[in-house]
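In the working numbering, the protein residues as written are 1 to 383.
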């Protein structure tokens with residue numbers, strides 16, 4: 001039955017959608033997103049989640065705000081945390097605290113990172129794909145601040161690279177690199193690009209490395225342990241190299257410190273690049289401070305760079321010389337890796353590229369300001 005035909009049954013999901021919509025990431029109100037929330041939460045869980053925030057709070061506070069008994073709240077919170085649809089931590093003082101996941105990174109990624117492939121997961125992927133096209137993609141890339149930016153490939157030649165634009169330095173400075181199968185490709189199921197190449201650091205995208213023990217009931221976990229593997233810095237560097245050699249673009253948060261992830265993105269599936277390629281939003285991903293320069297004397301017109309560019313920023317002139325559209329070029333450098341005559345090189349851009357935020361919290365504050373949504377989000381008691 002369509003959610004439009006059951007307003008009372010959908011009431012907790014509508015309330016939860018409204019809460020996600022007030023976050024800087026946004027969550028437009030469509031029936032598709034309600035179906036996504038139904039996949040993640042039972043009605044009682046959705047009601048409780050709609051009274052949570054993105055800060056860790058004691059379960060007593062959440063229960064009181066939601067008008068639910070402490071015993072019932074504790075049961076539901078444990079269930080949701082065990083399914084990885086909220087974050088739960090038992091602090092060293094014994095107090096259990098919980099928070100909502102962000103919609104991205106978070107609610108979208110968690111099922112694909114934690115569950116094994118299945119028809120149900122395929123159905124969820126189809127829902128996210130529909131939601132991206134109908135509403136969420138444009139919301140995700142609205143505002144004047146980009147969530148993600150490109151990072152030059154670690155094998156691409158570059159001079160005086162800033163630490164926060166060096167993928168290897170990002171990995172070295174971040175804690176505990178973990179490789180996940182790309183959530184976007186699992187959802188879209190539309191390309192053969194490498195899957196096990198996306199990288200998160202510690203528990204940052206899940207709410208941070210906070211003291212205490214995770215609230216997890218093994219009996220309620222779906223499909224066993226998460227689909228992830230912890231790797232060394234050297235292994236992470238090899239993953240970055242293999243991803244770039246496959247033509248994937250390193251994308252990370254548009255910050256200078258406190259990175260949560262490095263995604264290795266394609267234009268077929270990945271929500272970052274598809275803002276440009278599918279939704280025609282030129283600056284959906286912030287570029288690096290480089291762009292590609294062409295040595296016309298060396299270019300042999302082979303067109304390998306045209307095929308390699310994920311955002312269609314390179315074309316061939318009438319005289320068979322490669323030409324770069326600098327409005328689209330991300331400065332990722334993956335095209336330079338397939339240029340046999342070495343006619344392409346990364347150079348510093350003429351205009352200084354501004355990386356706006358010091359860390360993720362500041363980025364969300366700036367995203368919220370650019371969209372008219374203050375962050376942190378103040379909870380409305382009558383959702």
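Just so it is clear, CB atoms sit at the ideal spot from N, CA and C, and this is done for glycine as well. All of these numbers come straight from a predicted model, not from anything done at the bench.
- Message: Does residue 23 pass the burial test, meaning 16 or more other C-beta atoms within 10 Å, or should it be called exposed?
- Response: Here the question's residue 23 lines up with position 23 in the chain shown. Classification for residue 23: buried.
- Looking at C-alpha atoms only, which residue of 73, 45, 148 is the closest neighbour of residue 58? For the purposes of this step, residue 58 is taken as the residue at position 58 of the chain shown. The option with the nearest alpha carbon to residue 58 is 73.
- Length of the line joining the Cα atoms of residue 133 and residue 332: Locating residue 133 in the chain shown gives position 133, where the first residue counts as 1. Locating residue 332 in the chain shown gives position 332, where the first residue counts as 1. Residue 133 and residue 332: Cα-Cα distance of roughly 25 angstroms.
- State the CB to CB distance for the pair residue 210 and residue 56, rounded to an integer number of angstroms; the pair is presumed to be in contact (CB under 8 angstroms). Here the question's residue 210 lines up with position 210 in the chain shown. Here the question's residue 56 lines up with position 56 in the chain shown. So it is a contact: roughly 7 angstroms between Cβ atoms.
- Alpha carbon to alpha carbon, what distance is there between residue 27 and residue 21? To locate residue 21, count along the chain shown from 1; it is residue 21. To locate residue 27, count along the chain shown from 1; it is residue 27. Their Cα atoms are separated by approximately 4 angstroms.
- Query: Near residue 194, what residues of its chain come up, given a Cβ to Cβ distance below 6 angstroms and the 5 sequence neighbours on each side ignored?
  - Reply: What you label residue 194 is simply residue 194 of the chain shown in a count that begins at 1. Excluding sequence neighbours, residue 194 sits near 246.
- Message: Suppose contacts are defined by Cβ-Cβ distances below 8 angstroms. Is residue 188 in contact with residue 269 by that definition?
- Response: As a position in the chain shown, residue 188 is number 188, starting the count at 1. As a position in the chain shown, residue 269 is number 269, starting the count at 1. Their beta carbons are under 8 angstroms apart, which means residue 188 touches residue 269 by this criterion.
- Message: Among the candidates 334, 146, 207, whose CA atom is the shortest distance from the CA of residue 363?
- Response: Counting from 1 along the chain shown, the entry for residue 363 is found at position 363. Nearest option by C-alpha distance: 146.
- Item | Exposure label - residue 361; buried when at least 16 CB within 10 Å | For the purposes of this step, residue 361 is identified with residue 361 of the chain shown, where counting begins at 1. Under this definition residue 361 is an exposed residue.
- Message: Beta-carbon within less than 8 angstroms of residue 158's beta-carbon, same chain only, minus the 5 sequence neighbours each way: which residues are those?
- Response: Within the chain shown, numbered from 1, the residue matching residue 158 stands at position 158. Contacts found: 152, 290, 333, 346.
- Kindly list the residues whose CB is nearer than 6 angstroms to the CB of residue 341, restricted to its own chain and excluding five residues on each side of it in sequence; keep chain order. Here residue 341 corresponds to residue number 341 of the chain shown, with the count starting at 1. These residues qualify, in order along the chain: 298, 300.
- Message: Any heavy atom of the ligand PLP closer than 7 angstroms to the beta-carbon of residue 31?
- Response: The ligand PLP is not part of the structure shown, which contains no ligands of any sort.
- Message: With a threshold of 8 angstroms between beta-carbons, can residue 288 be considered close to chain E, or not?
- Response: Among the chains of the structure shown, chain E does not appear; only one protein chain is present.
- Message: What does the alpha-carbon distance come out to for the pair residue 274 and residue 227?
- Response: As a first step, residue 274 must be located in the chain shown, where it is residue number 274. As a first step, residue 227 must be located in the chain shown, where it is residue number 227. The alpha-carbon atoms of residue 274 and residue 227 are separated by roughly 25 angstroms.
- Task: Decide if the stretch 214–222 is in contact with the stretch 160–176; the criterion is three or more beta carbon pairs, one per stretch, under 8 angstroms apart.
- Result: no
- Task: Enumerate in chain order the residues of its own chain whose CB-to-CB distance from residue 84 is below 7 angstroms, with the five nearest sequence positions on each side excluded.
- Result: Within the chain shown, the letter at position 84 stands for residue 84. 110, 114.
- Query: Is residue 10 buried or exposed, if buried means 16 or more other CB atoms sit within 10 Å of its CB?
  - Reply: On the chain shown, position 10 is the one that residue 10 refers to. With 16 or more Cβ atoms within 10 Å of its Cβ, residue 10 is classed as buried.
- Item | Of the listed residues 78, 48, 81, nearest to residue 68 (C-alpha basis) | Taking the chain shown and counting its residues from 1, the one referred to as residue 68 is at position 68. Comparing Cα positions, the closest option is 48.
- Under the rule that 16 or more other beta-carbon atoms within 10 Å means buried, what is residue 70, buried or exposed? Here residue 70 refers to the residue found at position 70 when the chain shown is read from its first residue. The residue is exposed, with fewer than 16 neighbouring Cβ atoms inside 10 Å.
- contact_flag[the stretch 163–182, the stretch 259–267] where n(CB pairs < 8 angstroms) is 3 or more: yes
- Query: What is the DSSP secondary structure of residue 39, counted as helix, strand or coil?
  - Reply: Stepping through the chain shown from its first residue, residue 39 is reached at position 39. If DSSP states are grouped into helix, strand and coil, residue 39 belongs with the helices.
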